[in-house]
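Novice: Per the working numbering, the very first residue in the sequence shown carries number 107; after that it's consecutive.
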Amino acid sequence: MNSSSGRSEMDRRAILAASVTVVLWASAFVSIRASADYFEPGALALGRLLTGSLALLCLLVAQRGGVPPRRAWPGIVGSGVLWFGVYMVVLNWGEQLVDAGTASMVVNVGPIVVALLGGWFLKEGFPPLLLAGMAVSFVGAVVVGFSSGGGSSSVLGLGLCLLAAVAYGSGVVLQKPALRHATPMQVTTYGCLIGTVACLPFSGQLVSDLSGAPLSATLNVVYLGLFPTALAFTTWAYALSRTTAGKMGATTYAVPAVVILISWLALDEVPGWVTLLGGAICLSGVAVSRMPGFRRRGPEETAAPAAAVETAR
């Protein structure tokens, strides 16, 4: 009884943490759009990561988090380079070359990459409800993408968005084992620091862009570092440590639906009915993926009732 209620409480906390991540990552699209005219892709990523690293380091020192154990470092380094570094730079670059709808469709390959790699390398398997939910959400993401309008696309832009999706999926799968040996705060902080180091070649570009950017654009970069990076990646790691990589990847399919709502409220971009339909499909797919599956009874479970009947005789 106590263990069941404890598990339920832990699940609620993980869902709450994942919800915070989804909302903040969705808000990042609005801030990136507001800053893109003033910052190059690499400079924007570095500014975001520098801000996030400073905030995370202060929190880690205040909590006396310490240094992760040696066994956590391969996953931290891998996710830091791929997810914090490559993903952010490549996605910023790709969205300059293709329209937002096309970019969102291609990047939404990421959760599928997470499910496939998690099933194979993390031995999470391929639960039918998870795969069904991801399929439904992907259809919703495609609907949202097409409803965003036409726009130009390029082979390079599509390739960059696909690379961003693969980097994101690979980073999540690498991060999961690290969370077995280190705390979510440690994994997030040092991953962000490694991503920052990987982006240091863009330092000159960042200094140049900062000198010409208005205060509002600079504040957007600070916001991206503090909330969608420092806070959202920490809540993500917390939730990921308490569930499978596949389920967490499927949860991010809710991001397009939340982006629609935030754009509606913050940018006064009234979505069309098709866009709203796509957002609803995304959310329904996430709900399906989070449903508890039916577990097959093992031989020992099927043998127990038979033994009870025999005893009763």
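Backbone N, C-alpha and C fix where the C-beta goes; we use that ideal spot for every residue, glycine too.
All values derive from a computational prediction rather than experimental measurement.
1. Cα separation between A338 and V261?
2. Just to confirm, is the Cβ distance from P290 to W131 under 8 Å?
3. Drop a sphere of 10 angstroms on the beta-carbon of G158, count the other beta-carbons inside from all chains shown, and report buried for 16 or more, exposed for fewer.
4. Pick out whichever of A304, Q311, G246 has its Cα sitting closest to the Cα of S390.
5. For V195 versus I300, is the C-beta distance shorter than 8 Å?
6. According to DSSP, simplified to helix, strand and coil, what is F145?
7. State yes or no: is the C-beta of G331 within less than 8 Å of the C-beta of L165?
8. Looking at A284 and S185, is the spacing between their C-beta atoms short of 8 Å?
9. Going by DSSP in three states, L152 sits in which element: helix, strand or coil?
10. Report the residue from N198, Q311, S347 whose alpha carbon sits nearest the alpha carbon of S137.
11. Answer with buried or exposed for K229, where buried requires no fewer than 16 other C-beta atoms within 10 angstroms of its C-beta.
12. In chain order, what residues of the same chain lie with their CB nearer than 6 Å to the CB of I368, ignoring the 5 residues before and after it?
13. Taking the C-alpha atoms as reference points, what is the distance between D315 and L269?
14. Just to confirm, are G275 and V220 a CB contact at a threshold of 8 Å?
15. Quick one: grab the DSSP three-state call for S243.
16. So what does DSSP say about P283, is it helix, strand or coil?
17. From this set, L160, A142, V183, which residue's C-alpha is nearest K282's C-alpha?
18. Report the three-state DSSP secondary structure of R119 (helix, strand or coil).
19. Could you tell me the distance, in whole angstroms, from the CA atom of V173 to the CA atom of I387?
Specialist: So, to answer that:
1. In a straight line, the C-alpha of A338 is about 31 Å away from that of V261.
2. Result no, Cβ atoms of P290 and W131 do not sit closer than 8 Å.
3. A buried status is given to G158, since no fewer than 16 other beta-carbon atoms sit within 10 Å of its beta-carbon.
4. Out of A304, Q311, G246, G246 has the C-alpha closest to the C-alpha of S390.
5. No; because the gap between Cβ atoms is not below 8 Å, this pair is not in contact.
6. In the structure shown, F145 sits in coil (DSSP, three-state: anything other than H, G, I, E or B).
7. At a Cβ-Cβ threshold of 8 Å, G331 and L165 do not count as neighbours.
8. A Cβ-Cβ contact shorter than 8 Å links S185 with A284.
9. If DSSP states are grouped into helix, strand and coil, L152 belongs with the helices.
10. For S137, the closest of N198, Q311, S347 by C-alpha to C-alpha distance is N198.
11. Label assigned to K229: exposed.
12. Cβ contact annotation for I368 (same chain, cutoff 6 Å, sequence separation greater than five): A132, S133, V136, in chain order.
13. Between the alpha carbons of D315 and L269 lies a distance of about 25 Å.
14. The answer is yes: Cβ separation under 8 Å.
15. If DSSP states are grouped into helix, strand and coil, S243 belongs with the helices.
16. For P283, the secondary structure class from DSSP, reduced to helix, strand or coil, is helix.
17. The residue with the shortest Cα to Cα distance from K282 is V183.
18. R119: helix per DSSP, three-state reduction.
19. So the two alpha carbons sit approximately 42 Å from each other.
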